[in-house]
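Sequence lines, in order, name chains X and L.
Residues 32 to 194 (the working numbering) are what the first sequence spells out, left to right.
Residues 530 to 942 (the working numbering) are what the second sequence spells out, left to right.
Even for Gly, the Cβ is constructed at its ideal location relative to N, Cα and C.
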Amino acid sequence: NLMGARLAGSHVDTQEPKTNPLVSLSDEPETLYKRLSILVKGHDKAVLDSYEYFAVLAAKELGISIEKVEKPPKTIERFTLLKSVHIYKKHRVQYEMRTHYMCLELKYLTSSTAAVYLEYVQRNLPEGVAMEVKKTKIERIPEHIKKPVWDTLPQVEEAEVKS
Amino acid sequence: MPFEMRFEPIFRAAAAVRSRSPPDPWYSPSPRNGGARGSSPRAQRVPPGPVPPRSVRAELAGPGPAPAAVGPGGAARRPPWRRGLAVLPGRAVVRGPAGGSQPRPRWGRAAYSSAPAVSGKEGPQQREASVRRRGRTPQFAVPPRTERMAVDQDWSSVYPTAAAFKPASVPLPIRMGYPVKRGVPPPKEGNLELIKIPNFLHLTPPAIKKHCAALKDFCTEWPSALDSDEKCEQHFPIETETVDYVSSGTSIRNPKARVVTLRVKLSNLNLDDHAKKKLVKLVGERYCRETDVLTIVTDRCPLRRQNYDYGMHLLTVLYHESWKTEKWESEKSEEDMEEYIWENSRSQKNALDTLLRIKASENVSNVSKEELLGSEVVTNYRNSVIALKNEGETESNMSQYKESVKKLLNIQA
């Protein structure tokens, strides 16, 4: 069986990564996200539960560390309206809107990973469900805040106001 | 003429026409009926509908001959609702029965059909087969796809993307809805509740794993050196917070998405004492004393990038302005001080005064102020007063103050 045999003289490197033709690397440094907080809102708790399972499994498969999964209590917005078009003030009808929440917190993502995960998770967002994503980006102190600029400037009267 | 009877000739004709078509493999009879594919599929089928009367059922017991009817040649593939029209009178295509067994009547409903006159056991069979079906029930009821699904099939090819719930494609005995009195929830066939609710049939765990395996190439690793929050803060002190909103509606824009929050700890910035105090005074409420965090929230620009740039610009300006010392800053009075400073305060003056008078009354040689200030009793007193003023009155502070005063005035009590 020659299928699995390595030919003599061939350089078969088992560590060689299979380069995906769709992946392109760029030189710009990645932005780092310390936290990614995803809050999902919906009217149906069962839908949110299924979505939570999906989002958590997707994060695990992509190697993203999950900090916590919270289920904040639901909010109910109620209002009372008149039942009839004209008069009959004593007869009203009441409506309510229930909003269930699910908060997923991920930590330590690069911008590529965050973009991939968010696009995957947002494309599979069920109808009638809303999402808020809070991204916390961390960065170094820029060069112009390292030292006060007055040291480097020539001695000028303080009439010059720096805006 | 009753309503059904007006259409009876058309249905009967349509039934006759259809019987001529070859058995279509797609329309295979369901296993329930024995799975037999006879030469005349029409004869053995019992289509769903009201059960025919007992007299007719007896005639249906055995396989009967197919009605030898001749219809227009090209009618085999026409949709059900078109077939009847081909046999209306006036069309040249219509031909009488080939056998010519009976003379064609010139009036009555039999005149309008090309099928042979109803006689014997064929008639009731035709009638119940064609007439009892109402509405859109297809003549050959297709068995659902679920019956041909293997247990180990690839489910992600059945539901590759988000799709509505199709009861014929999901091999699960699901019931959903409010149950009938002393009954069970309605089944999945024709169940609107199951179609309305979003389903996750396209996101089963194997499907998710497949997707993630394909997406994994596009992800990058987090730098392993930054494995704790403290290290992140040490190397990357500035935190920028932005919020994205996804919702269904007429517009994908959300005006709250332009808000940018910048957070930085002042201990990470290069500030000296005066600069820090001036910065804290400049920012006012945006600085939190407990956590030493400066928070700048910008939303005055219409775009998020502009708000971010404005936030960084504010930080730069604050930093540089706090290093500047203006002329009027020398007029800072005691009320403007953030914390209590003992040097040049009334407490220091009083203490020095008292000590000098004590020394004078004891007729000790003139001791200089610096010596007194440097002495241990005065430093103790200074520390206790500063602690009292800055931290407030606590048990330990008060006792420390008491001890220092006793030592200062040399009281042994």
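Closest by C-alpha distance to E108(X), out of L137(X), L149(X), Q125(X), is Q125(X). Residue pairing of V164(X) in beta bridges, as defined by DSSP: I69(X), D773(L). Collapsing the DSSP output to three states places P60(X) in coil.
For T666(L), the nearest beta carbon of chain X is not closer than 8 Å to its own beta carbon. Within the region 93-110 of chain X, the residues whose Cβ lies closer than 9 Å to any Cβ of chain L are, in chain order, L93, G94, I95, S96. Taking 8 Å as the cut-off, the Cβ atoms of T111(X) and H74(X) do not count as close.
Comparing alpha carbon positions, the residue from Y848(L), E932(L), S925(L), S890(L) closest to T908(L) is E932(L).
Taking C-alpha positions only, A742(L) is separated from S96(X) by approximately 17 Å. A straight line joining the alpha-carbon of A736(L) with that of E92(X) spans about 12 Å. Within the region 141-171 of chain X, those residues whose Cβ lies closer than 7 Å to any Cβ of chain L are, in chain order, T141, S143, T144, V147, Y151, Q153, N155, L156, P157, E158, G159, A161, M162, E163, V164, K165, K166, T167, K168, I169, E170, R171. Taken atom to atom, the span from the alpha-carbon of W871(L) to that of I172(X) is near 36 Å. In chain order, F729 make up the part of chain L whose C-beta sits under 7 Å from the C-beta of S81(X). In terms of beta-carbon proximity, S777(L) lines the interface with chain X, with at least one pair separated by less than 8 Å.
The shortest C-alpha to C-alpha distance from M133(X) to any of H175(X), L56(X), L184(X), M162(X) is the one to M162(X). Closest in C-alpha terms to L755(L), from the list I118(X), I169(X), L184(X), comes I169(X). It is roughly 26 Å from the alpha-carbon of R677(L) to the alpha-carbon of P714(L). From the listed residues V680(L), S874(L), W684(L), K710(L), the smallest Cα separation to P734(L) is found for W684(L). Pairing V826(L) with L791(L), the inter-Cα distance amounts to about 6 Å. By the beta-carbon neighbour count (other beta carbons within 10 angstroms, threshold 16), I887(L) is exposed.
Of the residues G664(L), F694(L), V934(L), V680(L), the one whose Cα lies closest to the Cα of E905(L) is V934(L).
Note: Y126(X) is bridge-paired with F110(X) in the DSSP secondary-structure output. DSSP, read as helix, strand or coil, puts L137(X) in strand. Taking 9 Å as the Cβ-Cβ cut-off, the region 838-862 of chain L approaches chain X at M841, L844, T845, V846, Y848, H849, E850, S851, W852, K853, E855, K856, given in chain order. Considered as a whole, the region 654-700 of chain L harbours no complete run of any beta strand (DSSP E) with no fewer than 3 residues. Distance check between V788(L) and each of K936(L), S796(L), L800(L), T771(L) places T771(L) closest, using alpha-carbon atoms only.
Closer than 8 Å to the CB of H175(X) there is at least one CB belonging to chain L. In terms of Cβ geometry, E98(X) and L137(X) form a close pair [threshold 8 Å]. Listed along chain L, the residues sitting closer than 7 Å to E61(X) by beta-carbon distance are T749.
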